[in-house]
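Novice: Using the working numbering, read the first sequence as starting at 2 and increasing by one per residue. The structure follows.
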Amino acid sequence: MKIYNTLTKQKEEFVPLNPPNVGIYVCGPTVYDYFHIGNARSFIMADIIQRYLRYKGYKVKFVMNLTDVDDKIIKKANEEGVDAKVIAERFSKAFFEDIEKLKIKKADIYPKATEHIGEIEDLIKKLEKKGIAYKVNGDVFYDVRKFKEYGKLSGKKIDELESGARVEINEKKHNPLDFALWKNAKPGEPHWSSPWGEGRPGWHIECSAMSMKHLGETFDIHAGGHDLIFPHHENEIAQSEGANDKPFVKYWIHFGFLNIKNEKMSKSLGNFFTAREFLQKYSAEVIRLLFSQTHYASPLNFSDEILNSAQKGLEKITNFVQEISFRENIDEGSYPDIDLQKYYTRFEEAMDDDFNTPKAVAVIFDLIKDVNKIMNGGEKHSGKFYSDVKKFLDKTAGNVLGIIKNVNITKNDSSKEIDSLLNLIVEIRQEAKNKKAYDLADLIREKLSKLGYFIQDTKTGTTIKKKL
RNA sequence: GGCGGCGUAGCCAAGCGGUCUAAGGCGAAGGUCUGCAAAACCUUUAUUCGUCGGUUCGAAUCCGACCGCCGCCUCCA
């Protein structure tokens with residue numbers, strides 16, 4: 002299995018530090034607002050990565066942090082005249098609601114910055130002791146010049162950065178690129194007492210402290226959006242490696258942006274849609290299919306057109322799953338000449354190649370086409386065949402990509418009853434058809450459709466599907 | 001200004017030295033099945049991969065120049 006590593010700028014064979022264990026840390030949200038569909042892309046792609054690693058048999062420990070102290074949270078709290086905690090709690094809750102709706106598998110741990118002040122403090126002390134951090138009036142800064150490898154992730158050079166036009170001017174810093182580890186609290190801001198006075202942690206140090214605590218000083222995979230490479234992840238490396246003198250992360254993965262009209266979707270540009278808004282109109286599966294059809298690292302230009310395209314594609318998948326679910330129970334006949342193992346292999350080859358989900362999706366569609374062809378042959382086939390196909394889809398498109406809707410109408414006893422009633426209706430309609438009472442047959446179809454059930458007459462019998 | 005990425009059919013998007021007369025999805029046209037409908041299937045829809053050169057027996061894939069687009073260098077997934 003290969004992963005493109007931002008640190009080395011090449012695809013590398015994935016060798017975990019401690020197989021079969023794999024530690025993954027993904028930069029989560031700053032909980033000051035609902036997250037937008039661009040953020041959702043990162044969360045979903047990280048989800049697919051961890052699901053695939055589990056599929057491969059790795060024992061994954063997946064950590065996603067919540068930044069719950071931050072300038073933006075404080076700003077919002079001030080605007081509303083409430084405590085910063087109120088804002089953080091409100092949007093943490095919203096975050097969990099939204100990722101659940103997006104069918105994102107829960108992380109093993111969601112550490113919060115405010116619950117790791119002790120670890121953060123220890124880390125800063127360590128850096129201070131080594132002479133890498135310095136204090137100025139209650140603020141503590143990281144001295145970028147003290148870390149020789151600064152810039153190794155982003156490919157930037159300190160000198161070039163300094164001459165850049167947009168470096169913040171702050172006379173307190175030794176070097177314009179130095180960044181805050183600890184911020185002196187202004188009145189009304191959340192604060193904790195520390196050796197440097199009342200204050201709060203800087204953003205970058207949180208992730209170093211929390212990832213280290215939950216995954217160790219060196220761990221396998223760290224992922225996040227492309228815009229975090231610099232300065233966030235660069236600074237994390239500086240902090241962690243500066244303190245521990247050992248490699249921080251083995252593989253760095255970065256997700257491409259979701260663009261709108263060719264521009265990065267972001268809160269600051271104002272060209273965003275929240276994930277919640279989208280979920281009202283499109284299902285999680287549609288969004289996931291859409292994202293899966295582009296490689297995680299490439300930019301993805303968002304538009305109604307591609308959304309509709311994904312929706313149609315998903316319908317094709319859903320129709321198919323309903324069809325085989327139906328046949329799984331009733332059909333009897335031969336097992337057709339098809340080697341499902343071939344599709345597993347192709348799926349894995351695609352995913353093994355730096356999580357090539359577009360290719361993996363193509364395998365799913367190939368399978369669907371091939372099986373549809375078999376079903377169109379007019380012959381009946383064994384239920385075992387259909388359940389094998391279904392198992393394949395559940396394992397790959399379902400458990401890894403998350404693009405299979407639950408089509409089971411029959412889940413409990415009461416719906417079993419519904420099933421037999423539906424079958425009765427189908428039989429009656431068949432009688433009507435036999436007597437060429439097409440008006441009546443069409444009426445039944447029409448009425449059922451209004452109730453959300455679609456009747457379809459196929460070569461091998463009538464099937465009924467529920468609208469999903 | 002520095003650093004990085006991208007440009008493949010009407011749209012989206014894989015492919016990254018030969019199996020490419022280039023996957024897959026959407027769309028479009030015609031057809032099959034059907035009482036009709038729906039679903040599905042079949043056929044067609046890029047001899048060509050931004051442009052121009054070069055390397056090579058061989059290039060969408062490597063190199064160079066140019067054109068166009070985007071991102072990072074400030075909070076941002």
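Here a beta-carbon is modelled for each residue, glycine too, at the ideal position from N, C-alpha and C. No experiment lies behind these values; they were computed from the predicted model shown.
I'd like to check one pair, residue 178 with residue 154: are the Cβ atoms closer than 8 Å?
Specialist: On the first sequence, position 153 is the one that residue 154 refers to. On the first sequence, position 177 is the one that residue 178 refers to. No, they are not a contact pair.
Novice: For residue 464, which residues of its own chain have a beta-carbon under 7 Å away from its beta-carbon, when the five flanking residues on both sides are left out?
Specialist: One-based indexing of the first sequence puts residue 464 at position 463. Same-chain partners within the cutoff: 324, 327 and 457.
Novice: Our contact map puts residue 398 next to residue 38 with C-beta atoms below 8 Å; I'd like the distance itself, whole angstroms only.
Specialist: If you number the first sequence from 1, residue 398 lands on position 397. If you number the first sequence from 1, residue 38 lands on position 37. About 21 Å separates the two Cβ atoms, so there is no contact after all.
Novice: If distances are taken between C-alpha atoms only, which option among 383, 379, 289 and 7 comes closest to residue 223?
Specialist: Stepping through the first sequence from its first residue, residue 223 is reached at position 222. Checked all of 383, 379, 289 and 7; the closest Cα to residue 223 is 7.
Novice: So, at 6 Å on beta carbons, what are the nonlocal neighbours of residue 287 in its own chain, with the 5 sequence-adjacent residues on each side left out?
Specialist: Start at 1 with the first residue of the first sequence, and residue 287 comes out as number 286. Taken in chain order, the residues that qualify are 311, 312 and 315.
Novice: Count the other C-beta atoms from every protein chain shown that fall within 10 angstroms of the C-beta of residue 470, then say buried if there are 16 or more, exposed otherwise.
Specialist: Because the chain here runs from 2 to 469, residue 470 falls outside it and cannot be looked at.
Novice: For residue 56 and residue 400, which I take to be in contact (beta-carbon distance under 8 Å), what is that distance rounded to the nearest angstrom?
Specialist: Residue numbering aside, residue 56 sits at position 55 when the first sequence is read from its first letter. Residue numbering aside, residue 400 sits at position 399 when the first sequence is read from its first letter. Residue 56 to residue 400, Cβ: 7 Å. Contact.
Novice: With DSSP run on the structure shown, which of helix, strand or coil describes residue 421?
Specialist: Residue numbering aside, residue 421 sits at position 420 when the first sequence is read from its first letter. Residue 421: helix per DSSP, three-state reduction.
Novice: Apart from the five residues just before and just after residue 388, which ones in its own chain have a Cβ nearer than 7 Å to its Cβ?
Specialist: Counting from one through the first sequence, the residue named residue 388 turns up at place 387. Excluding positions up to five away in sequence, the list reads 329.
Novice: Just tell me which of 40, 67 and 17 has its CA closest to the CA of residue 272.
Specialist: One-based indexing of the first sequence puts residue 272 at position 271. For the residues 40, 67 and 17, the minimum Cα distance to residue 272 belongs to 40.
Novice: List the DSSP bridge partners of residue 117.
Specialist: The residue given as residue 117 occupies position 116 in the first sequence. BP columns for residue 117 are empty, so no partner.
Novice: Does the contact criterion of 3 or more C-beta pairs under 8 Å hold for the region 20-31 versus the region 364-377?
Specialist: These segments do not touch.
Novice: Please report how far the alpha carbon of residue 466 lies from the alpha carbon of residue 360, in whole angstroms.
Specialist: Your numbering for residue 466 matches position 465 in the first sequence. Your numbering for residue 360 matches position 359 in the first sequence. Between residue 466 and residue 360, the C-alpha separation is close to 29 Å.
Novice: Who are the Cβ neighbours of residue 385 in its own chain at under 8 Å, not counting the five residues just before and after it?
Specialist: Here residue 385 refers to the residue found at position 384 when the first sequence is read from its first residue. Cβ neighbours of residue 385 beyond the five flanking positions: 336.
Novice: May I ask you to report which of helix, strand or coil DSSP gives residue 294?
Specialist: Numbered from 1 along the first sequence, position 293 holds the residue referred to as residue 294. Coil, per DSSP.
Novice: Does the structure place the region 179-196 close enough to the region 212-220 that three or more beta carbon pairs sit under 8 Å?
Specialist: Counting Cβ pairs under 8 Å, fewer than three are found: no touch.
Novice: Kindly indicate which residue of 356, 66 and 3 has the alpha-carbon position closest to the one of residue 471.
Specialist: The requested residue 471 does not occur in the structure, where the chain is confined to residues 2 to 469.
Novice: Just the Cα atoms here: how many angstroms apart are residue 166 and residue 74?
Specialist: The residue given as residue 166 occupies position 165 in the first sequence. The residue given as residue 74 occupies position 73 in the first sequence. With a pLDDT of 48 at residue 166, under the threshold of 50, the modelled position of that residue is not reliable, and the figure given next carries that caveat. One C-alpha to the other measures close to 28 Å.
Novice: In this structure, does DSSP put residue 87 in helix, strand or coil?
Specialist: Within the first sequence, the letter at position 86 stands for residue 87. Residue 87 falls in the helix class under three-state DSSP.
Novice: On a CA-only basis, which of 453, 121 and 180 is nearest residue 236? Give me that one, please.
Specialist: The sequence position of residue 236 within the first sequence is 235, counting from 1. Closest option to residue 236, Cα to Cα, is 180.
Novice: Taking Cβ positions, are residue 12 and residue 353 nearer each other than 8 Å?
Specialist: Here the question's residue 12 lines up with position 11 in the first sequence. Here the question's residue 353 lines up with position 352 in the first sequence. No; because the gap between Cβ atoms is not below 8 Å, this pair is not in contact.
Novice: Which residue comes first and which comes last in the beta strand (DSSP E) that contains residue 181?
Specialist: As a position in the first sequence, residue 181 is number 180, starting the count at 1. 180-185 is the span of the beta strand (DSSP E), which, as asked, contains residue 181.
Novice: Out of 263, 126, 257 and 283, which has the shortest C-alpha to C-alpha gap to residue 245?
Specialist: In the first sequence, the residue the question calls residue 245 occupies position 244. Residue 126 is the option with its Cα nearest to residue 245.
Novice: Looking only at its chain, what residues have a beta carbon closer than 6 Å to the beta carbon of residue 379, apart from the 5 residues adjacent to it on each side?
Specialist: Here residue 379 refers to the residue found at position 378 when the first sequence is read from its first residue. Cβ within range, chain order: 460.
Novice: Leaving out five residues on either side along the sequence, give the residues of the same chain with a beta carbon under 8 Å from the beta carbon of residue 334.
Specialist: By 1-based counting over the first sequence, the position of residue 334 is 333. Result list for residue 334: 380, 381, 382 and 383, in chain order.
Novice: According to DSSP, is residue 458 helix, strand or coil?
Specialist: Counting from one through the first sequence, the residue named residue 458 turns up at place 457. In the structure shown, residue 458 sits in a strand (DSSP, three-state: E or B).
Novice: Quick one: using the 10 Å Cβ neighbour count with 16 as the cut-off for buried, is residue 319 buried or exposed?
Specialist: Numbered from 1 along the first sequence, position 318 holds the residue referred to as residue 319. Buried, since its Cβ has 16 or more Cβ neighbours within 10 Å.
Novice: Would you mind sorting residue 355 into buried or exposed? The rule is 16 or more other CB atoms within 10 Å of its CB.
Specialist: Position 354 of the first sequence holds residue 355. Flag for residue 355 reads buried.
Novice: Is residue 405 helix, strand or coil when you go by DSSP?
Specialist: Position 404 of the first sequence, counting from 1, holds the residue named residue 405. Residue 405 falls in the coil class under three-state DSSP.
Novice: If you run the structure through DSSP and keep just helix, strand and coil, what is residue 190?
Specialist: Taking the first residue of the first sequence as position 1, residue 190 is located at position 189. Of the three classes helix, strand and coil, the one that applies to residue 190 here is coil, per DSSP.
Novice: Mind listing, in chain order, the continuous alpha helix (DSSP H) runs of no fewer than 4 residues lying wholly within the region 331-377?
Specialist: Segments of the alpha helix (DSSP H) lying fully in the region 331-377: 341-353 and 358-377.
Novice: Rounded to the nearest angstrom, what separates residue 468 and residue 454 at their Cα positions?
Specialist: Position 467 of the first sequence, counted from the first residue, corresponds to residue 468. Position 453 of the first sequence, counted from the first residue, corresponds to residue 454. Residue 468 and residue 454: Cα-Cα distance of roughly 6 Å.
Novice: Between the beta-carbon of residue 121 and the beta-carbon of residue 207, is there less than 8 Å?
Specialist: Start at 1 with the first residue of the first sequence, and residue 121 comes out as number 120. Start at 1 with the first residue of the first sequence, and residue 207 comes out as number 206. Yes, these two residues count as a Cβ contact at 8 Å.
Novice: Taking the C-alpha atoms as reference points, what is the distance between residue 290 and residue 49?
Specialist: Within the first sequence, the letter at position 289 stands for residue 290. Within the first sequence, the letter at position 48 stands for residue 49. The alpha-carbon atoms of residue 290 and residue 49 are separated by roughly 11 Å.
Novice: Need the endpoints of the beta strand (DSSP E) that residue 140 sits in, please.
Specialist: In the first sequence, the residue the question calls residue 140 occupies position 139. Unbroken beta strand (DSSP E) run through residue 140: 140-143.
Novice: Please determine, among 189, 423, 258 and 220, the residue with the shortest C-alpha to C-alpha distance to residue 227.
Specialist: Against the first sequence, residue 227 aligns to sequence position 226. For residue 227, the nearest C-alpha among the options comes from 258.
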